[in-house]
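If you read the sequence shown in the numbering used here, its first letter stands for residue 19, the second for the next number, and so on. The beta carbon of each residue, even a glycine, is placed where N, CA and C say it ideally should be. Computed from a predicted model, the values in this text were never measured in an experiment.
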Amino acid sequence: MLSQTEKYTAMLPRDCLQELRNMADEKIIASVNQGIRAAIEDFVRAHKERGYKHSMREAATVAAPLALSFASVSLGYCSIE
């Protein structure tokens, strides 16, 4: 995901930054920058997933009555209300 990067400055809580530095020192993450980048990618991915799931739930509430209506018409003998 590093095809295009842009430098951006952000303020972070000091204790969080120190945790990232400790993780980099312990080789848990490659660098503080990599840790921040991974956290942002995870956040964006989770946000998109929530949006997708929400859209699917909305679609299901619209599609389910239509599917049931279609089933009752196409099967004839199935009366679902």
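Among the options, the one whose alpha carbon lies nearest that of residue i
{"i": "residue 36", "options": "23, 51, 25, 22", "result": "51"}
Residue i and residue j closer than 8 Å at C-beta
{"i": "residue 11", "j": "residue 49", "result": "What is shown of the chain runs 19 to 99, which leaves residue 11 out entirely."}
{"i": "residue 38", "j": "residue 58", "result": "no"}
Cβ shell of residue i (< 7 Å), same chain only, five flanking positions each side left out
{"i": "residue 30", "result": "none"}
Coarse secondary structure for residue i, derived from DSSP in three states
{"i": "residue 38", "result": "helix"}
{"i": "residue 66", "result": "helix"}
{"i": "residue 44", "result": "coil"}
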